[in-house]
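Number of protein chains: 2
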Amino acid sequence: MKAFQDYYPDEYAHCYGCGRNNAQGHQLRSYWDGDVTVAHFTPKPEHISMPGFVYGGVIASLIDCHGVGSAAAFASREQGGDMDDNPELRYVTGKLDVDFLAPTPLGPELELRARLLELAPKRVNVEVSLSAAGQLCAKGLVIAVRLPPSMA
Amino acid sequence: MKAFQDYYPDEYAHCYGCGRNNAQGHQLRSYWDGDVTVAHFTPKPEHISMPGFVYGGVIASLIDCHGVGSAAAFASREQGGDMDDNPELRYVTGKLDVDFLAPTPLGPELELRARLLELAPKRVNVEVSLSAAGQLCAKGLVIAVRLPPSMA
């Protein structure tokens, strides 16, 4: 099954959070699950904050990458195709808000789920939840904006 | 010169963003600069998003750790001492909001500056800016909350 990030061309696949060409990165992979999207990630031992808990910056990173990848997928679906049909729909993060609702235990696989809040011509708003062992630990809002020419 | 993070006891110094005992982490160090606080960090080549630019998750991580460390420093100053005098003033991230204002170039040292917005008994609100080569690239709000007993 092809992840959203597998559609990114090679020159855009270096991202520390989700780039398949970044050996040191998290290599997050996001998929459809009906009308929402899902990704799974098991933090490494070094992704610690306090002993026993996941570092908030890693949580923010996962929400960021799952949100932006999902934004491209939501926008492609709206155009009536998959991401291969809409290579111009590349997004970057304009705004990232994360609420840490409960300490996230370090050890279990984390699940990220995203749903579309709003789709505008140059912007996609996505809500992302992060759970560990069935408990909601963090919620995020990602405002993804179309890749500006200055970054392309 | 002692960084805020140098006051964290060894058992709280594993954080991936700022723990001196985390060899794989960013090891961010924050200091006073008059009434505000400052930290510097040079991203590694793997901290990439698009070619030439810094990954947003690393930017969020730096804002997070500089904000939380600064929260402890601001709270200690309010108590009339340095962080050694107030070991109970340990904080974790309750909320992290980041606005990405301009693409952050990968290469130059980044500068983080934080100022106190509000200090409450169990919460400190901090505003953090991130600049590269003198240009403001991101702004963040960190709501730091006193370390809950469940994490201690």
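Residue numbers (this note's numbering), protein chains in the order written: chain A, 1138 to 1289; chain E, 1138 to 1289.
Even for Gly, the Cβ is constructed at its ideal location relative to N, Cα and C.
Item	Value
Helix, strand or coil at Cys1274/E according to DSSP, with G and I counted as helix	strand
Endpoints, beta strand (DSSP E) assigned at Arg1250/E	1247-1257
Inter-residue spacing [alpha-carbon to alpha-carbon] between Arg1227/E and Ser1186/A	12 Å
Within 7 Å of chain B by C-beta, residues of the stretch 1181-1200 of chain A in sequence order	No chain B is part of this structure, whose protein chains are labelled A and E.
Exposure label - Pro1182/A; buried when at least 16 CB within 10 Å	exposed
Delimiting residues of the beta strand (DSSP E) encompassing Ser1167/A	1167-1170
Leu1254/A classed as buried or exposed, judged by whether at least 16 other C-beta atoms fall within 10 angstroms	exposed
Ser1207/E to Asp1219/A span [Cα, whole Å]	45 Å
Where the alpha helix (DSSP H) containing Gly1231/E begins and where it ends	Unbroken run through Gly1231/E is the beta strand (DSSP E), 1228-1237; no alpha helix (DSSP H).
Whole-angstrom distance between Gln1142/A and Met1288/A, CA atom to CA atom	18 Å
Which listed residue (Val1282/A, Pro1286/A, Ala1270/A, Leu1278/A) has its alpha carbon closest to that of His1177/A	Ala1270/A
Leu1284/A versus Asn1158/A, Leu1243/A, Glu1225/A, residue with shortest Cα-Cα distance	Glu1225/A
Burial state of Asp1147/E (16 or more Cβ within 10 Å)	exposed
Any C-beta of chain E under 8 Å from that of Pro1146/A	no
Contacts that Leu1267/A makes with chain E (C-beta to C-beta distance below 8 Å)	Per Cβ cutoff of 8 Å: no residues; Leu1267/A is ~13 Å from chain E at best.
heavy atom of the ligand GTP below 7 Å from Met1138/E C-beta	This structure lacks the ligand GTP, and indeed carries no ligand of any kind.
Glu1183/A (DSSP reduced to helix, strand or coil)	coil
CB contact flag (Val1261/E, Ala1281/E, <8 Å)	yes
Short-range partners of chain A found in the stretch 1156-1172 of chain E, where Cβ spacing is below 7 Å	Asn1159, Gln1161, Gly1162
Against chain A: residues of the stretch 1223-1238 of chain E by CB proximity under 8 Å	Val1229, Thr1230, Gly1231, Lys1232, Leu1233, Asp1234, Val1235, Asp1236, Phe1237
Residues within the stretch 1261-1289 of chain A neighbouring chain E, beta-carbon criterion of under 8 Å	Leu1284, Pro1285, Ser1287, Met1288, Ala1289
Cβ shell of Gly1162/A (< 7 Å), same chain only, five flanking positions each side left out	Cys1152, Tyr1153, Gly1154, Gly1156
C-alpha gap between Pro1242/E and Gln1216/E, whole angstroms	39 Å
Straight-line gap, Lys1232/E to Ile1200/A (C-alpha atoms, nearest Å)	13 Å
Cα-Cα separation between Leu1273/A and Asp1234/A, rounded to whole angstroms	16 Å
Counted within 10 angstroms of its Cβ, other Cβ atoms place Pro1286/A as buried (16 or more) or exposed	exposed
Partners in chain A for Gly1206/E, counting only beta-carbon separations shorter than 9 Å	Under the 9 Å cutoff, chain A gives no residues; its nearest Cβ is about 13 Å from Gly1206/E.
Contact set between Gly1154/E and chain A, taken where Cβ atoms lie within less than 7 Å	Tyr1192, Gly1194
Leu1249/A vs Val1175/A beta-carbon contact at 8 Å	yes
Assigned exposure category for Gly1171/E - 16 Cβ within 10 Å defines buried	exposed
Interface flag, His1203/A vs chain E, CB-CB below 8 Å	no
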